Structure formats: C-alpha cells, structure tokens
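What follows is the structure, given as structure tokens:
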C-alpha cells in the first residue's frame, strides 16, 4: 500500500503579507499628470499634419482642374479629334458610303482611341464632305463684287438631333437627285428657300449637278462642337479676294442628306470621309498629362493610327490641336510648380523647427525629473523608450486624425471620393508624426548623456559654438551658395534635386546662424552703458536677456525663417498683381479705352465731352491713330521698308496720362505746336513737326527731318525724344506728333482715366453714335482686361498655396513666440516673485519682462527683414513670374516678363507684428504672474 501523502497545513498569512500592487503604466501615468501638455502637443501635431497631408492633395486638385479647364475651354475646332480618309474607289460607292457602314466605322474608330482619351458620343459626327469648295453657277445667287459664291457640300450625321426644322422638309435625296437643307443664316444671306435649286459644276465637264434645297433648319446650340468645329456649316461668311482692290464673295454650306452623299463625287475629286470626335476631360487628372500626350502622339502618328486606318480603311489621318493644348498646360505647370515649391519648403522648415521647439519645451520642463532618473541608474535606452511611448501615444493618433480630415476636406474636382493618390498625404502626415514622436526622446537623450545633479550655466553670452555646429553651418553655407548660384543660372527648374527651391530656406538658415553668433555682441555693448541708468529695470532686463539659454536659438531660427517665407511669398504675390496691373494698363493705355473696331474710325461728335462728364472720370485724352504709315530712312532707298503707327496727341492731356501710367512720360513742351496745322497746311509740305519716337523708329529716321506721307497729311518730322513705350499703343514702334499740326484732324481713340462705370461708359458711346453704329466702337476696360489674365486654376491654385504658406508661417511664428516664453515661464515667475518681495512693483515687472523679450524679437525682426530683402534681389534673376501672373505664353501678352521685386509691406508688417506680439505676450505673462502672488511661487524647499 502506498503511503498516504498528507497536505501540509497552510501557514497563517500575516497582515503584512499583502499581494503586490501593480505599478501603473508609465505612459498612462504621464498623460494623466500632464493632460494639458499632451493636448497641446496633439493639437500642434493635428494642425501641422493636416497642412502637410492637405498640401499634396490641394496641388493635385488644382492641377487636375487646370488640365480639365484648358481642354473644356479650348475652341472646339482646336480640341476636336478629326479622322479623315479619302473616299475609297470602287463600283459600289453608294454601299461604301451608306450611313450604317459609316456609323459602324465611327464606333470602331472611337473604341480604338488609346487611353486616357475619351470622347463624347453625343458630339461624335461622321459624314462625307468636299474639303475644297465648289462654285455656285446660278445667276440669282448674290455676288457682292461680281464673284460667284462657293459652297461646301457636307452630309453630317444626326442633323435632326442638333437642328430644328423651320421651313420645308428634311432632305432625303439620292446620288442621282441630291437634296440638301440650309441653316436660317445661310438662307437669309444667299436668298435660299425650300424648292431652290443650286447648280454646281460637274468635274467631268458634263451638265452641272443640281442640288435641291428642301428645307431650312435652325441650329439648336450654335456654340456646340457640332456647329463650332466647322462654323461655315451654320453661318455663311464673306471672304476677301486681295488684289489691286479687295473684293468679297460668299462662302456657305449645303447640308446634304446621307443618301445624297455619293453625289459629291461627281462635283470634285477633293472629297473625304470624316469622323469627328469631341474629347471629354471629366475623367482626367493632372497626373494623366504625360499619358495623354503619349496617347495623342500614338494616335496621330504611331501604332494606334495604324489600328484606326484598319478600322476606317484607306490612308486615314488623325488631326487635332489637343496635343498643343496639353503641351501648353504642361509648360505652365512646369513654370509654376518650382515657384510654388519655394513656399512649400519654407513653411515645411518652419513647421519642423516649431516641432523641435515643442520637444525642447518638454525637455526643459522635465529636466529635473530626467536628471533624477539618470542619477538613480536609469538608462538612456529606457528613458528614451518611455518618452517615445509618451509622444507616440499622442502624436500618432493626432496625425492619423489629421490625415482623415485632409482626405475628407480636400476632395477631387467634382466631389468624387477617388482620383487623388493617398500615398503622398500618408507620407507627409507620417513625417510630421515621426518628427513629433522622436524630437522629445532625442533631445532628452542628448541632454542627459551623462548623469548630473545640477546643470551648469548655459547662457548665450558664455556659450561657445562647438566644432560640429561650425561644420554644420559651413555645410549649410556651401549649400546656400550653390543653390543661389544654380537658381540665378538655370532659373526655377529644379531638375529633380529641389535644391533651387530650397534656396530661400538655406539663406534663412545661414542668416539665423549668423544672428545667433552675433547676438551676444550688442548685448555686451549695451550692458555697460545701461549700468549708468538710474532705474534697475533696464540693466536687469539686458542682463536677463544675455542669460537666455543657448537652446533658445530655435525660436530665433523659426522667426527668421517665418519672416523670410512671408517676405518672399508676399513679394511673389505682389509681383504677380503688379504684372497683371501693368499688362492690363499697357493693353488698354488707361482705365478705359474707346476706339473703332476697325482702323481709322472717327469718333462721333460730342463723345469726348459726354465721357468727360461721367461720374468717376478724372481725365480724358483724345488721340488720332493711323496705322501702317511708311517711314522714310536717313539711309535713303537702300534701307528695308518699315512702317509704324503715327499718333496725333494733345500734349497737355497726353503727357498727364503718360505720367500717371509711367509709359513714356515726357514734358509737354517737347511737342509744342508749330501753328501751321489744319486744313490750310495742305500745300505747306516744308513744315517740320517735333516728334517722339520709339527706339527703332528714331534709329530709322535719324537726326535730320524726314518727310512723312500719310492720310493725316504730308509733313516732315524731326525726332526730339525717344521713349520705349507710350499709352496709346502696346506695339514696339510708334511716332508721336502734336495733333494740332496734322492736316486732317479726326480723333479715333479716347483714353479715359478714373474709376468709371463700364455700363455708363458704354451707354454714353451708344447714345452719341446711335444704335446702328454702336458696334463700330469698342469699349475696353482695364479691369476687364486684367480679369482675362487669370483664367486657369493652375494660377489661382498656386496663389492659394502662397497665401496659405504666408498664413501658416505667421501662425507658426506666433507658436514659436509662445513656446519660447512658455519654456522660461516657471523661472520667470519665480524671479518676479523674488523681486516683488524686494519692492518691485507690478508695473516694473511688466516692463522688465517686456524689455527682456524684446532684444531677441527685435533681432529676429531685423534679421527677417534683412534676409527677406536680400533674398528677393538675390534670387530674382532666376525667377520669372510670367506664367503665374499671365494666362498666356511670352510673346502673346503686352509684357515680355514679370520679374520678382521686393514688397515693402511684406517685409515690414510681419516683422513689426513679431515685435508687438512678443511684447504683448511678455506683458501678459507678467500680469498673470502678478495675480498668482509671491507666496505660491516661493514655497519652502523649492529648488527653482
């Protein structure tokens, strides 16, 4: 038998043997003990991560809007994809050109267009047409100058869907008896009606082909691509024949029925089958630009063209100007993006510095705690991991929330949920979270590499830069010099290295480092004379400012970078606005311009007085412009022919206008009248008129008087001054004379100065010229002309990015000031409490803290202004704001360039705001410290 094992009796548990209590987790404990600090960090990370995540989405959005805008707003005849092929020869031409066959070929060709090209099936048209017009032989057809009209014979598909029948019936003829319809405008201009028969020549010399007009139709949407691609289908036109005299003849179109299409083969050999496709842009994004360009190249002259030829037969060709539209968009984007990248780099650097300052604030507040942990055996790894857990528990959720908000608020164009890639936003938010997470552990580990009980004095006056810092600053200096040199040489083209876009940031970093090094010098110079002052506040404030921790260089760096970014961004926006204002003013010559829609249209009598009496009109300058006047040369007949406009002006009013606009001002006395003008001067060809000329005209005329033969009279001119521009013309060449000296005086243009109302101005022109002749005069407003320069979302989107960068930079500058004051707030409060026990008044305490904070703020403000002022002219040769300012390419606008210029307001206002904000924050801190009282700050055993 086995022995029975008895269980040992349990020992009685004493009251002292209680179960061990679980230690609360570090992260939860820290977050509970400092909830406001955690909330502040979460808010900062949330805002910063949101800006970082929203930026790439905003850029993608306005680039997508820009591409879609350019395609949608392009002229239909430029954006259309037109596939043409000669009519195949054969015995059964009617079967080859049958509507069902052509529609099948159209559908096959549309399906073969390479992605991302998509077309609108409702605007797809096919048919047969003559690409060379045929002559109408009927004697009853209108002939303005004795020239027979010419017709385009075309059989566009789906005519009933795009036109409404107004008279007669729709065409339903055959190849032997062709029938057609015409539009209402064609019928009115060429005297056509249902039943009219138009005879066109037979290509073989046989009897003319008779085309019967069976009806008159009205286009449902005359501006739609169906009619706008080939305007002659809906609207006839008078075409000129240039010879000894200009003669005109009618051009129009006969819209054949699909069954009558084979009849065109008997009229001319110049016949083709056409398939017209209108592209859509709603599915395109800015990232599709390269794919779209490659697809168009392939469809117009690559492998996809071979597929299209197989689908429609024959030697088909695809013609379109859509590739030019895409290239223009790409060139504008490539010109704008590097300029925008400058703002992105600036605000990104400021945000990174502010996040680093936040970590510095937390390290300073917990310096004693971390020192105690190190002195009691805490390892750097353990401390770093615990701090990493604290910050990650706050920063990661905040960054994730910011990413979600960015996705929800910055949507693709059209409000869709997709279309914008998520990866750039995720990387941006993750970068912010990574910086916010690592900055506190990294700074704590560096500060507490060795255990210490008490830290030594760390003043700006006594601190000496280390060798590592010197090497880093020299490296930044080399990078800044290289970036500036590269920017001045090659412009804003980054070539993928982004060093050029970072040039202002690098310059700001170098300037901030230099300011930190020289900051102690003015304090040392001011400390000695300040000791002689009677009061104690001034010397004490300077002494306190000099004892600021050397780690306080980050606020200075943040403020300098923020001010530099604001100054550069403000200068960019000011330069854009200035370029648009100047281009609009040069195009119109004044605030408003009234002139004939054709050359040499005299102004109605009394119009000048009527305009002068309108509300808002400050001045009116009447001028007489004659274009295309042949200019003689001092070299004689050996010189090449040259012509230029002659402008007759009233010197008094015109020189006032030139002075206000800045376009070629001159003293009125230069064009003093000779007293020999008017109708009586017809025979006096020996009179010499003083003239102001453009450089090219002055060079051609020389210094001696030259005879001018013009409609305004025959006279000699002598150049008395040279000006490169003049308000009346935006052309490069001109010749100004006194209008009183002209033989035939007739004002053709009014230049109006002042904020005049456009509707009132147009009403005055209509009242003076009459309803019938009101269209002969054109009224142009400078404000309307300026609006035409901003027609692309690329421009407005880039401007919003700059405005956002300036606003975010200002906000981060405010945060930098507050963080700087919060970092030293406990020590300042204790210091003020001690001074109050010695008799310091509250007014003196506010003055003390304000004066203590001002040196660094003033230094940052001066440094930011100087860096911003130096950065703009330093980088201006490499930055041209032309494509950002004007919605056209160089050569198609009054201005040739839009240089970057420093904006005084952008330099001064942010700097003053920083100084005022710093002073107010310091005074507010002193007021708050005074409310708490001295007893609470000076507790027994407090080590502060």
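Residue numbers (the numbering used here): 116 to 1059.
Beta carbons are placed, not taken as given, at the ideal position from N, Cα and C, and that holds for glycine.
These figures come from a predicted structure and were not determined experimentally.
Quick check on residue i: does DSSP put it in helix, strand or coil?
| i | result |
| --- | --- |
| residue 207 | coil |
| residue 255 | coil |
| residue 1059 | The pLDDT assigned to residue 1059 is 45, lower than 50, so where the model puts this residue is not dependable, and the model offers no usable value. |
| residue 398 | coil |
| residue 278 | strand |
| residue 317 | coil |
| residue 272 | coil |
| residue 1016 | coil |
| residue 291 | coil |
| residue 370 | strand |
| residue 666 | Only weak support is given to the placement of residue 666: the predicted model assigns it a pLDDT of 49, under 50, and the value that follows is read from those uncertain coordinates. Helix. |
| residue 979 | helix |
| residue 625 | helix |
| residue 652 | helix |
| residue 301 | helix |
| residue 343 | helix |
| residue 644 | helix |
| residue 956 | coil |
| residue 248 | coil |
Tell me, to the nearest whole angstrom, how far the beta carbon of residue i is from that of residue j; I am working on the premise that it is less than 8 Å.
| i | j | result |
| --- | --- | --- |
| residue 950 | residue 960 | 7 Å |
| residue 1032 | residue 932 | 6 Å |
| residue 766 | residue 783 | 4 Å |
| residue 535 | residue 591 | In fact, because the Cβ distance is near 35 Å, the residues do not count as touching under 8 Å. |
| residue 709 | residue 892 | 6 Å |
| residue 990 | residue 619 | 7 Å |
| residue 863 | residue 718 | 6 Å |
Since residue i is in the alpha helix (DSSP H), which residue starts that stretch and which ends it?
| i | result |
| --- | --- |
| residue 476 | 437-480 |
| residue 815 | 810-816 |
| residue 405 | 404-416 |
| residue 552 | 538-562 |
| residue 214 | 214-227 |
| residue 999 | 997-1000 |
| residue 355 | That residue, residue 355, is in no alpha helix (DSSP H); its beta strand (DSSP E) goes 352-356. |
| residue 192 | 191-194 |
With residue i as the anchor, note down where its beta strand (DSSP E) starts and where it stops.
| i | result |
| --- | --- |
| residue 634 | Here residue 634 belongs to no beta strand (DSSP E), and DSSP marks it neither H nor E. |
| residue 725 | Counting along the chain, residue 725 falls outside any beta strand (DSSP E), though it belongs to the alpha helix (DSSP H) covering 722-727. |
| residue 295 | 294-298 |
| residue 181 | Premise fails: residue 181 lies in the alpha helix (DSSP H), 150-187, not in any beta strand (DSSP E). |
| residue 802 | No beta strand (DSSP E) holds residue 802; DSSP gives it neither H nor E. |
| residue 334 | 324-334 |
Report yes if the C-beta of residue i is less than 8 Å from at least one heavy atom of the ligand ATP; otherwise report no.
| i | result |
| --- | --- |
| residue 717 | Annotation note on the ligand ATP: not contained in the displayed structure, which lists no ligands. |
State the Cα-Cα distance for the pair residue i and residue j, rounded to the nearest angstrom.
| i | j | result |
| --- | --- | --- |
| residue 1039 | residue 528 | 46 Å |
| residue 299 | residue 379 | 23 Å |
| residue 242 | residue 899 | 41 Å |
| residue 747 | residue 825 | 12 Å |
| residue 588 | residue 594 | 10 Å |
| residue 370 | residue 753 | 55 Å |
| residue 435 | residue 196 | 5 Å |
| residue 1018 | residue 937 | 33 Å |
| residue 233 | residue 188 | 16 Å |
| residue 1042 | residue 972 | 20 Å |
| residue 465 | residue 927 | 7 Å |
| residue 992 | residue 201 | 54 Å |
| residue 457 | residue 693 | 20 Å |
| residue 144 | residue 622 | 44 Å |
| residue 755 | residue 706 | 37 Å |
| residue 89 | residue 627 | Nothing can be reported for residue 89: it is not among the residues displayed for the chain, which extend from 116 to 1059. |
| residue 1115 | residue 757 | For residue 1115 there is no data in the structure shown, the boundaries of the chain being 116 and 1059. |
| residue 462 | residue 636 | 30 Å |
| residue 998 | residue 331 | 47 Å |
| residue 816 | residue 829 | 16 Å |
| residue 383 | residue 293 | 15 Å |
3 or more residues per run - each beta strand (DSSP E) lying fully within the stretch 825-912
For the stretch 825-912, the continuous beta strand (DSSP E) assignments of 3+ residues that do not extend past its boundaries occur at 828-837, 850-853, 864-868 and 892-896, in sequence order.
Pick out the complete beta strand (DSSP E) segments inside the stretch 680-766, 3 residues or longer, and give them in chain order.
707-711, 734-745 and 758-764
Completely contained alpha helix (DSSP H) runs for the stretch 479-529, where each covers 4 or more residues
482-490 and 495-524
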